[in-house]
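So for the sequence shown, the working numbering puts the first residue at 1; every next one is plus one. In this text, a Cβ means the ideal position worked out from N, Cα and C, and glycines have one as well. All remarks here apply to the structure that follows.
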Amino acid sequence: MSRSYSSISYLAAFFMLVCCTRIEALERADLNERVEEILSAMTLDEKVGQLNQYDVGESDLKKAIAEGKVGSVLNAVGAALTDELQRIAVERSPHHIPILFAFDVIHGLRTIFPIPLGLASTWDPESIETMARISAEEAGESGVRMTFSPMVDVARDPRWGRIAEGSGEDKTLGSIMARAYVRGYQGVDLSAPTSIAACVKHYVGYGAAEGGRDYNTVDMSEGRLREIYLPPFKAAVDSGAVAVMSAFNTLNGVPASANDHTLRDILKGEWKFPGLVISDMYSIRELMPHGVATDAKDAARKALLAGVDIDMASGVYLDHAAALVRGGVISLSMIDDAVRRILRVKFQLGLFERPYVGDERDANKSLTAEKRASTRAIAQKSIVLLRNEGSLLPLSKSVGPIAVIGPLADSKPVMLGNWLGKGNADEAVSVIEGIRSKGRDIVLFNKGGDILNDAIDGIDSAVEVARKANVVIMVLGENVDMSGEAASRANLNLPGQQEKLLEAVVATGKPVVLVLMSGRPLSIAWASTHVPAILEAWFPGSEGGNAIADIIFGDSNPSARLPVSIPRSAEQVPIYYDHLSTGRPTGANTRYQTGYLDLEISPLYPFGYGLSYSDFEYRDLHAEVLLSGDDKVKVSVDVTNISQHAGDEVVQLYIREPASTIARPVIQLKDFKRIRLNPGETRNAIFDLNFNQLRALQPDMSFVVNPGIYRVGVGSNSAKLLEAPFEISPSGAIAREK
Ligand code: GLC
1 MSRSYSSISY LAAFFMLVCC TRIEALERAD LNERVEEILS AMTLDEKVGQ LNQYDVGESD
61 LKKAIAEGKV GSVLNAVGAA LTDELQRIAV ERSPHHIPIL FAFDVIHGLR TIFPIPLGLA
121 STWDPESIET MARISAEEAG ESGVRMTFSP MVDVARDPRW GRIAEGSGED KTLGSIMARA
181 YVRGYQGVDL SAPTSIAACV KHYVGYGAAE GGRDYNTVDM SEGRLREIYL PPFKAAVDSG
241 AVAVMSAFNT LNGVPASAND HTLRDILKGE WKFPGLVISD MYSIRELMPH GVATDAKDAA
301 RKALLAGVDI DMASGVYLDH AAALVRGGVI SLSMIDDAVR RILRVKFQLG LFERPYVGDE
361 RDANKSLTAE KRASTRAIAQ KSIVLLRNEG SLLPLSKSVG PIAVIGPLAD SKPVMLGNWL
421 GKGNADEAVS VIEGIRSKGR DIVLFNKGGD ILNDAIDGID SAVEVARKAN VVIMVLGENV
481 DMSGEAASRA NLNLPGQQEK LLEAVVATGK PVVLVLMSGR PLSIAWASTH VPAILEAWFP
541 GSEGGNAIAD IIFGDSNPSA RLPVSIPRSA EQVPIYYDHL STGRPTGANT RYQTGYLDLE
601 ISPLYPFGYG LSYSDFEYRD LHAEVLLSGD DKVKVSVDVT NISQHAGDEV VQLYIREPAS
661 TIARPVIQLK DFKRIRLNPG ETRNAIFDLN FNQLRALQPD MSFVVNPGIY RVGVGSNSAK
721 LLEAPFEISP SGAIAREK
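Right, here's the structure in full:
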C-alpha cells in the first residue's frame, strides 16, 4: 500500500518525538542519578553550604567558598573574577561543586535596552526575546549564569516605584511577556555558556502593596491572587524558568518568604515546580521585623518549612539550618530536597562540565554597532505617542531652528534606568545628541535651570531660547532615582517645578513637543490639553536619544501601546481597565453611580492606548464558535491603514463575559497581534481563542467556561473596540469539563 508523503512524515515526526522524549528522559534520569551521587556523599554542613548565597562583597567569601559554605554568589560580574572564585570552589571545596553566579540583568547587561515597562509597551514578545537573548550572551560571557528576571509583578498602582520593572497592569500581557523573557534567557539549551537561568520574581503579590508604598502590606482574596497575580508566574514556570524569588511583602499577613501556602501548596505542590526558590535579599532575616520570627534561628526555621531553598545574603541558613536539623526541628529530607533542586539547576546549566568562562570576549568591553542597532530598534517600538494634535509630528525636514529644553534633555544616565547592569552611561545617547545627529537646522539648548529641585530661576532664560526657535522639544519627567526599588511617590505629577517651566514655554505660543522620561505613568493632565504633541519614552536604553529623534523626525513610526492606564491624578489610584462593573456603573443617567464628585473617573489615557502616524480602521468583525476537537472561537476582523504612512498596528482582542457566580471584569485582554500595513492596505486579522482563555473563577477557586452570550471586542485600545456577540451553549461549556 503506497503511503502518501504526509503519512510518512507524520510517522517520522512521531518517531522523532518518541526519541527526543526518551533522550530527555534518559538525560533526566542521568542528571538525577548524578545529583543523588553527590548528595549521598555530602555532610549536613556541606548541604547547608549549598543553601547559602553570599554577596560578592562579603569579607570571608574566598574562605567560605573553600570550606563549602557558599552555593551561589550574588553580584560577581566579569569572567576573571568569577573564574577566580570558581577555581576555589572546584579545586578546593569538599565536593568540588561549582558556584552559581547570579546578577540583576533586568533589561541588558552591557547593552542596555528600555526598562521593562518600556519593553512591555512594545507589545512585541519577539523584541523581549531578542533583548533577553543578547542579555544572556553578555551575561554568560561575564560569568553570570542566573538573572533575577523577569519581574512579573502585576502593578495597578503607579505610585509604586517598581512598576518600572514589570509589564504593567494586565496578567495576559504580563504572561506573554514572561514567556518571552524566559525563552530569551534560557534559550533552547540551558547548558550552553550563553544561556542563563531565569529567576522569576517577586513571588507573589508584591505589586499590590498598600498605598503603592514599597515593601508594604499586601492583602487580597485567594480569588484575586489566582486570577490576577499568579498567572504571569505560572506562565514563566510553564516556560521552564528554573528559579523563583520569594518577595519582601506579607500576603494576607504571612511574609512571602515564610508562606508555605504560596510556596509549597501552590508552586511546589499544584504546579509541581522542579526548580529552586531563592529569597529576596535579606528577606528571611526580615521575618523578624515582620513580627513572625522571634530570632534568626526561628526565621531560618520558618523559611525552610515554607520551602525557600536559598537564603540570599542574610546568612541565617548558614548559621542555624544544621542545628535545626540536629535538634529535630527540621527534617534532613527537607534540606536534601532543597539541595537536590540547587544541584539540578547547576547540572542543567552545565556548570559541572564547564565551570569556567575563560577569556571574556571583547563583545562585553564596548557596545558593538550591531547591538546598538538592536536596542535602538526596540526602543523605537517602546515610545508611546500620547498626543499629536494637528499632526505636529513628525517634524518636517525644514522645520527651522529647534529649541531643546528641559532638565533631562542632555542626561545620559536617565537613558539607562535604575537597573542598569554594567551599562555605561557615557556610552548612552542623550536626547539632545539624538536630535543633533539628525543634522537638522540650528538646535538651541537650555536645561531650564535646576528645575527638578524646585529652582525656578532658570525659567526665564529657557523662555528666551524658546522664542528664538520655530519649534520647541521639551524633555521632562523623572530622574532614574525617582522610580525603581524604594522609590514610591505619593503623587504622579512632574517632579519639581517642571510644570511651571512647561507652562511658561507653552505660553510663548511656539509649537511644543513634550518628551516624557519616567519609570511610571505621570499625571500630565494640564499638558494633555495644552501641549500638541506628547511622547512617553520611559527610560529607553543606551540608544534612547537616537530612538526618540527617530520618532520625532519620522524615521520611525510610533507603534507602542500603554501597558498601564495613565491616571488623571494619584487620587484615582488604583485605576485599571479590567475592573468590575459594580451595581451602579458610570454612564447611568443618575447621580447615584460610582465615581467622584470632583474628578472624572476614566483614566487620562487607557490601557492599550497609543497613537501612530498611520490611521487604522476596523471593519467586519466576526466571531464563530467551533465545537470541534479543540473547542475554540474563531475571531476575524479587517484592519485597513487609511493613511499615507506605512505602520504597525497592535490589534487587541478583549472579551466581555456573561453573568457568572463571581462578578467578572467589564472586559479582559485575551490576545493581540502586531501587524504591519502599507498605506491603503487591508489585512484580515484572525484569532483562535481557545476555551481555556474563557474560563471564569468559581467560588471553589476552580476555573470553568460559563455558558451564555459573550461579546468579543477588537480594536486599537481597551476603550476603542468593535464588538460582536457569540454564544457558548450549555453543552458547549460542559464540553470543557472533560
Ligand atoms: C533587591 C530586589 C530584587 C533583586 C535582589 C538582588 O532587593 O528586591 O528585585 O533581584 O535584591 O539584587
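Classify residue i as helix, strand or coil using the three-state DSSP reduction.
i	result
residue 231	helix
residue 265	helix
residue 670	strand
residue 356	coil
residue 689	strand
residue 607	coil
residue 95	coil
residue 530	helix
residue 622	strand
residue 433	helix
residue 125	helix
residue 593	coil
residue 145	coil
residue 713	strand
residue 421	coil
residue 703	strand
residue 479	coil
residue 460	helix
residue 153	coil
residue 641	strand
residue 632	strand
Under 6 Å Cβ to Cβ from residue i, same chain only, skipping five residues before and after it: list those, please.
i	result
residue 212	157, 159, 160 and 488
residue 544	379 and 415
residue 151	165, 166 and 201
residue 1	Residue placement at residue 1 cannot be trusted, given a pLDDT of 36 that sits under 50; what the coordinates show is reported in the next sentence. Excluding positions up to five away in sequence, the list is empty.
residue 513	473 and 533
residue 719	606
residue 338	51 and 309
residue 741	Since the displayed the chain opens at 1 and closes at 738, residue 741 lies outside it and no answer follows.
residue 6	Because the pLDDT at residue 6 is just 45, under 50, the model does not fix this residue reliably, and the value given afterwards should be weighed accordingly. Nothing meets the Cβ criterion.
residue 3	Bear in mind that a pLDDT of 37 at residue 3, under 50, signals an unreliable position, so the number given afterwards is only what the model happens to contain. Hits under 6 Å: none found.
Quick check: what's the CA-CA separation for residue i versus residue j?
i	j	result
residue 238	residue 180	12 Å
residue 559	residue 119	12 Å
residue 667	residue 578	6 Å
residue 649	residue 569	29 Å
residue 268	residue 274	7 Å
residue 404	residue 537	16 Å
residue 532	residue 506	10 Å
residue 329	residue 301	8 Å
residue 277	residue 170	25 Å
residue 418	residue 522	17 Å
residue 387	residue 280	40 Å
residue 738	residue 630	At residue 738 the pLDDT is 38, less than 50, meaning the model places this residue with poor confidence and gives no usable figure here.
residue 384	residue 476	15 Å
residue 445	residue 501	14 Å
residue 110	residue 342	28 Å
residue 234	residue 190	19 Å
residue 597	residue 372	50 Å
residue 243	residue 529	46 Å
residue 262	residue 48	23 Å
residue 594	residue 611	29 Å
In chain order, what residues of the same chain lie with their CB nearer than 8 Å to the CB of residue i, ignoring the 5 residues before and after it?
i	result
residue 663	580 and 581
Can you list, in chain order, the residues of its chain whose CB lies under 7 Å from that of residue i, leaving out five sequence neighbours each side?
i	result
residue 260	305, 306 and 307
residue 728	625, 705, 707, 708 and 710
residue 381	122, 124, 127, 559 and 560
Compute the minimum distance between the beta carbon of residue i and the heavy atoms of ligand 2, and state whether it is under 7 Å.
i	result
residue 233	Ligands in the displayed structure: ligand 1; ligand 2 is not one of them.
Mind reading off the beta-carbon distance from residue i to residue j? Whole number of angstroms is fine, and I expect it under 8 Å.
i	j	result
residue 636	residue 684	6 Å
residue 240	residue 186	6 Å
residue 311	residue 52	6 Å
residue 68	residue 98	That belief does not hold up - the Cβ atoms of residue 68 and residue 98 are roughly 12 Å apart, past 8 Å.
residue 172	residue 670	6 Å
residue 462	residue 432	At roughly 14 Å, the Cβ-Cβ gap does not stay under 8 Å, so residue 462 and residue 432 are not in contact.
residue 203	residue 245	6 Å
For chain D, is any of its Cβ atoms less than 8 Å away from the one on residue i?
i	result
residue 442	This model lacks chain D altogether, as it is built from one protein chain only.
Taking only runs of the beta strand (DSSP E) that begin and end inside the stretch 19 to 82, which ones reach a length of at least 3 residues, in chain order?
-> 52 to 55 and 72 to 74
Can you list, in chain order, the stretches of the beta strand (DSSP E) that have 3 or more residues and sit fully within the stretch 369 to 417?
-> 384 to 388 and 402 to 405
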